[in-house]
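Note sheet for the following structure.
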Amino acid sequence: MKVTKANVYSISVPKKSVFAVAYAVRKAAESIIVCLHTDTGLIGVGEAVPVKEVTGESKKEVYLQLKDFCQAIEGFDFQNHEEILEEAKIVFANMPSALCAIDTAIWDIKGQLLKKPLYKIWGGAKDFCQASFSLGILPIEETLEETEELVTKGISHLKYKIGLNIHEDIRRIKKVRENYPNIKIYLDANQGYTVKEALEVVRELATYQIELMEQPVAKEDLEGLIKVAQNSSFPIVADEAIQDPPSLDRLLQIGTVPIINIKLMKCGGPSNALSMMQTAKNAGISVMIGCMIETRVGITTGLHVAQSQDIVQYIDLDGCWDLSEDIVSQGGAILESGKEYVSNGTGLGVCLDKELLLSLVDEGRSS
6 MKVTKANVYS ISVPKKSVFA VAYAVRKAAE SIIVCLHTDT GLIGVGEAVP
56 VKEVTGESKK EVYLQLKDFC QAIEGFDFQN HEEILEEAKI VFANMPSALC
106 AIDTAIWDIK GQLLKKPLYK IWGGAKDFCQ ASFSLGILPI EETLEETEEL
156 VTKGISHLKY KIGLNIHEDI RRIKKVRENY PNIKIYLDAN QGYTVKEALE
206 VVRELATYQI ELMEQPVAKE DLEGLIKVAQ NSSFPIVADE AIQDPPSLDR
256 LLQIGTVPII NIKLMKCGGP SNALSMMQTA KNAGISVMIG CMIETRVGIT
306 TGLHVAQSQD IVQYIDLDGC WDLSEDIVSQ GGAILESGKE YVSNGTGLGV
356 CLDKELLLSL VDEGRSS
């Protein structure tokens with residue numbers, strides 16, 4: 006079985022609403038879709054979403070590198086897919102989202118050949134995950150309005166972005182808890198605080214039933230992160246500080262945190278994610294599977310990973326649900342009654358809406 010054609014599409018999918026975090030404001034999913042075609046008719050699909058503030062990648066550079074790589078592997082025998090992946094690891098050593106797209110597309114074809122969904126190939130631990138939704142940094146009244154809207158839809162696990170103004174953040178979260186005593190509250194500071202500020206947040210919110218707080222301090226400050234974790238009554242999560250297997254190893258050499266957030270776009274895809282999950286399990290650390298603002302291709306991939314292992318205690322895989330368009334026409338991630346799960350299907354289990362995909366292509370960015 007040969008790779009006969011490899012298409013790369015750079016697309017921009019607008020969000021229905023603007024999403025603000027500590028380091029940026031997002032208005033769209035800036036995505037690159039890879040489709041590997043084979044002479045048997047099987048097609049492997051993968052997604053790259055470069056986020057410069059997290060991984061240092063630019064969308065244009067990732068697109069051009071993926072385009073060159075995909076052209077180079079046309080004609081390759083898929084039986085040598087491990088060689089393709091090893092070459093991708095070299096080419097995309099500093100482009101984890103690009104590696105994720107290739108890794109996912111290869112796994113998609115492998116799953117179709119085995120006639121199994123990926124999550125069952127990787128372990129098949131659970132049939133669904135408890136969904137959580139993220140709310141951007143907003144004034145208190147707007148935060149309460151969005152909270153009410155989500156709770157009405159049956160979403161009870163909510164992540165609040167913080168990290169721009171410590172005192173406003175504390176007031177906002179206290180107000181949410183006072184108005185919604187039964188929801189699960191996750192916090193995500195996206196590196197927005199100093200260690201001193203993070204410790205103040207921990208103290209002020211100690212009695213407000215916080216489930217966890219992600220990455221309160223700069224990703225380089227591992228000792229500061231560990232200090233906050235040691236002085237917090239609720240779990241502290243390493244997110245931007247943990248990008249790939251080597252960065253997890255570096256953290257464990259210094260100390261530990263209760264939870265790590267693994268995102269496929271920052272770690273290089275499902276293969277690296279599964280490796281990191283095993284390392285975390287050995288170290289007694291729980292796992293959250295998170296996402297960037299991705300289409301349902303990337304979210305489906307993350308959900309396969311999350312459903313495969315019991316060590317995954319949390320998910321943050323809502324990046325596609327607020328997009329104005331859905332490039333997946335059949336299959337993929339499903340959100341229902343506060344739960345997320347993948348549809349029946351082999352491999353990744355998604356079919357793309359080719360016409361819609363082409364309509365979303367950035368000018369001059371498709372092959």
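Take 6 as the starting number for the sequence shown in the working numbering and just add one per residue. We put the beta carbon where it would ideally sit given N, CA and C, even for glycine. Predicted model, so just to flag it, every value in this text is computed and none were measured.
Assumed close pair L328, A311 - CB separation to whole angstroms, cut-off 8 Å: By one-based count along the sequence shown, residue 328 stands at place 323. By one-based count along the sequence shown, residue 311 stands at place 306. Going by Cβ atoms, the distance from L328 to A311 rounds to 20 Å, so no, they are not a contact pair.
List the residues that DSSP assigns as beta-bridge partners of R31. For this step, residue 31 is matched to residue 26 along the sequence shown. Looking at the DSSP assignment, R31 forms a beta bridge with F24.
Cα-Cα separation between H172 and K179, rounded to whole angstroms: On the sequence shown, residue 172 is found 167 positions in, with the first residue counted as 1. On the sequence shown, residue 179 is found 174 positions in, with the first residue counted as 1. If I take the Cα positions, the gap works out to 11 Å.
Test item: CB-CB of L155 and F138 under 8 Å: Mapped onto the sequence shown, residue 155 falls at position 150. Mapped onto the sequence shown, residue 138 falls at position 133. The answer is yes: Cβ separation under 8 Å.
Quick one, are the C-beta atoms of A136 and G49 less than 8 Å apart? The count along the sequence shown starts at 1 and reaches residue 136 at position 131. The count along the sequence shown starts at 1 and reaches residue 49 at position 44. Not closer than 8 Å, so no.
Around the C-beta of G369, are 16 or more other C-beta atoms found within 10 angstroms, so that it is buried, or is it exposed? Working through the sequence shown from its first residue, we reach residue 369 at position 364. Residue confidence for G369 is low, a pLDDT of 45 falling below 50, so the modelled location carries little weight; the figure read from the coordinates is stated next. Counting Cβ neighbours within 10 Å, G369 comes out exposed, since fewer than 16 surround it.
Look at K10 and E79 and say whether their C-beta atoms are less than 8 Å apart. Position 5 of the sequence shown holds residue 10. Position 74 of the sequence shown holds residue 79. Yes, they are a contact pair.
List, from N- to C-terminal side, the alpha helix (DSSP H) runs of 4 residues or more that fit wholly inside the segment 207 to 254. 227 to 235
Report yes if the CB atom of T305 is closer than 8 Å to the CB atom of A338, and no otherwise. As a first step, residue 305 is located in the sequence shown; it is residue number 300 there, counting from the start. As a first step, residue 338 is located in the sequence shown; it is residue number 333 there, counting from the start. Yes; because the gap between Cβ atoms is below 8 Å, this pair is in contact.
Taking a contact to mean a Cβ-Cβ separation below 8 Å, would you say V13 touches C105 in this structure? Mapped onto the sequence shown, residue 13 falls at position 8. Mapped onto the sequence shown, residue 105 falls at position 100. Against a cut-off of 8 Å, the Cβ pair of C105 and V13 comes out as no contact.
Drop a sphere of 10 angstroms on the beta-carbon of G46, count the other beta-carbons inside from all chains shown, and report buried for 16 or more, exposed for fewer. One-based indexing of the sequence shown puts residue 46 at position 41. Its Cβ having fewer than 16 others within 10 Å, G46 is exposed.
Reduced DSSP category for L143 - H, G, I as helix; E, B as strand; rest coil: For the purposes of this step, residue 143 is taken as residue 138 along the sequence shown, with counting starting at 1. Look at L143 here: in three-state DSSP terms it is coil, with no helix or strand label.
Go ahead and pull the three-state DSSP assignment for N277. The residue labelled residue 277 in the question sits at position 272 within the sequence shown. Of the three classes helix, strand and coil, the one that applies to N277 here is helix, per DSSP.
Beta-carbon proximity list for S334, same chain, < 7 Å, skipping 5 on both sides: Here the question's residue 334 lines up with position 329 in the sequence shown. Excluding sequence neighbours, S334 sits near C356, L357 and D358.
Through-space distance from P221 to Q283, alpha-carbon basis: Counting from 1 along the sequence shown, the entry for residue 283 is found at position 278. Counting from 1 along the sequence shown, the entry for residue 221 is found at position 216. The straight-line gap from Cα to Cα measures roughly 25 Å.
Classify L204 as helix, strand or coil using the three-state DSSP reduction. The residue given as residue 204 occupies position 199 in the sequence shown. Residue state, collapsed to three classes: helix.
Can you give me the C-alpha to C-alpha distance between A53 and T199, rounded to a whole angstrom? Along the sequence shown, read from residue 1 onward, the residue named residue 53 stands at position 48. Along the sequence shown, read from residue 1 onward, the residue named residue 199 stands at position 194. Spanning the two alpha carbons is a distance of roughly 31 Å.
First and last residue of the uninterrupted alpha helix (DSSP H) at I304: Position 299 of the sequence shown, counting from 1, holds the residue named residue 304. Element bounds for I304: R301 to S313.
Go ahead and label T157 buried or exposed: buried means 16 or more other beta carbons lie within 10 angstroms of its beta carbon, across all protein chains shown. Along the sequence shown, read from residue 1 onward, the residue named residue 157 stands at position 152. Its Cβ having fewer than 16 others within 10 Å, T157 is exposed.
In whole angstroms, what is the alpha-carbon distance linking R1 and L163? Residue 1 lies beyond the range of the chain shown here (6 to 372); nothing can be said about it.
C-beta contact flag for P275 and W112 at 8 Å: Taking the first residue of the sequence shown as 1, we reach residue 275 at position 270. Taking the first residue of the sequence shown as 1, we reach residue 112 at position 107. Taking 8 Å as the Cβ cut-off, P275 and W112 qualify as a contacting pair.
At which residues does the alpha helix (DSSP H) containing I107 begin and terminate? For this step, residue 107 is matched to residue 102 along the sequence shown. Element bounds for I107: P101 to L119.
With 16 other CB atoms within 10 Å as the buried threshold, where does V30 fall? As a working mapping, residue 30 is identified with position 25 in the sequence shown. Classification of V30: exposed, given that the 10 Å Cβ count is below 16.
With the cut-off set at 8 Å, would you say I5 and L41 are in Cβ contact? This structure gives no information on residue 5, because the portion of the chain shown stretches from 6 to 372.
Keeping to the same chain, check which residues put their C-beta closer than 6 Å to that of E150; ignore five residues upstream and five downstream. Within the sequence shown, residue 150 is the residue found at index 145, counting from 1. If we look at E150 and ignore the five residues flanking it on each side, it has no Cβ neighbours.
Exposed or buried, L363, counting other C-beta atoms within 10 Å across all chains shown (16 or more means buried)? As a working mapping, residue 363 is identified with position 358 in the sequence shown. L363 should be labelled exposed.
Outcome for K21 when other beta-carbon atoms lying within 10 angstroms are tallied against a minimum of 16: In the sequence shown, residue 21 corresponds to position 16, counting from 1. Looking at its Cβ environment, which holds fewer than 16 other Cβ atoms inside 10 Å, K21 is exposed.
Helix, strand or coil for T157? Go by DSSP, reduced to three states. Translated into the one-based positions of the sequence shown, residue 157 becomes position 152. The answer is helix: DSSP assigns T157 an H, G or I state.
Which of helix, strand or coil DSSP assigns to F83: Taking the first residue of the sequence shown as 1, we reach residue 83 at position 78. Helix at F83.
If we ignore side chains and look at the alpha-carbon of each, how far apart do R301 and K72 end up? The count along the sequence shown starts at 1 and reaches residue 301 at position 296. The count along the sequence shown starts at 1 and reaches residue 72 at position 67. Going from the Cα of R301 to the Cα of K72 covers about 21 Å.
Grouping DSSP H, G and I as helix and E and B as strand, with all else coil, what is C75? Counted from its first residue, the sequence shown places residue 75 at position 70. C75 falls in the helix class under three-state DSSP.
Going by the CB atoms, is the gap between T152 and L140 shorter than 8 Å? Position 135 of the sequence shown, counted from the start, is the residue given in the question as residue 140. Position 147 of the sequence shown, counted from the start, is the residue given in the question as residue 152. Going by C-beta atoms, L140 is nearer than 8 Å to T152.
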